[in-house]
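Novice: Here it is, the structure in full.
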Amino acid sequence: MGARIMVWRGKEESEWPTTCLPNRGSGNPQIPKGDGDAPVQGYIAAMPGWKSEAGRWLDDLIVRAMPNARKAVKWNSPFYGVEGNGWFLSYHCMTRYIKLAFFSGARLDPLPPVTSKNADTRYVHIFEDERPDEALMVSWIRQAAGLPGWMS
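Letter 117 of the sequence shown, counting from 1, is numbered 118 in my numbering, and no numbers are missing.
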């Protein structure tokens with residue numbers, strides 16, 4: 002049996018950028034860990050279908066709300082934080098939605114709508130046909146960035 006050659010965006014596997022591996026389904030992209038904007042943009046580019054556009058909207062919104070936000074990809078998810086204060090937000094592609102986590106979400110006003118097993122964390126689920134209220138999202142992002150975040 003011959004070797005299987007994987008092709009993504011017109012390139013063979015050996016030519017794939019190390020910051021962006023294809024998503025082979027409707028779930029979460031598999032992105033190597035990395036600090037800075039480049040790995041986050043690689044993750045967003047690899048998000049499947051409508052989620053990639055939603056990821057660009059979310060990244061733009063976070064940067065507009067917190068221009069000095071620190072970015073990284075950890076555990077196949079983009080993280081946003083404040084230097085010396087930890088990570089305040091992350092998101093992850095699920096099959097039918099994007100799961101946005103506020104690590105100190107229980108201290109936000111009003112509370113983000115979805116609870117977590119962790120009492121401090123609250124979630125917002127972003128579905129294909131539903132965009133969250135932008136003003137409320139900016140408020141949550143700014144509040145979360147001002148709280149002690151998750152330290153990794």
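For each residue, glycine too, the CB sits at the ideal point set by N, CA and C. Everything numeric in this text was worked out from a predicted model, so none of it was measured.
From the DSSP output, in three-state form, read off ARG108 for me.
Specialist: Note: ARG108 maps to helix in three-state DSSP.
Novice: Note down, one range per segment and in chain order, each beta strand (DSSP E) of at least 3 residues found wholly within the stretch 33 to 71.
Specialist: Entirely contained in the stretch 33 to 71, not one beta strand (DSSP E) run reaches 3 residues.
Novice: Identify, in the order they occur along the chain, each residue of the same chain with its Cβ nearer than 6 Å to the Cβ of GLY106, setting aside the five sequence neighbours on each side.
Specialist: These residues qualify, in order along the chain: PRO113, THR122 and ARG123.
Novice: Compare the C-alpha of GLN42 against each of ASP60, GLY50 and LYS52 and name the closest.
Specialist: Per the Cα distances, ASP60.
Novice: Between which two residues does the beta strand (DSSP E) containing ALA102 stretch?
Specialist: First-last of the beta strand (DSSP E) with ALA102: 98 to 103.
Novice: What did DSSP end up calling ALA136 once you bin it into helix, strand or coil?
Specialist: Here ALA136 sits in helix by DSSP.
Novice: Can you pull the DSSP bridge partners for ARG123?
Specialist: Bridge partners of ARG123: PHE103.
Novice: If the criterion is Cβ atoms closer than 8 Å, does the pair CYS94 and PRO49 meet it?
Specialist: Yes, the pair counts as a contact, with Cβ atoms nearer than the cut-off.
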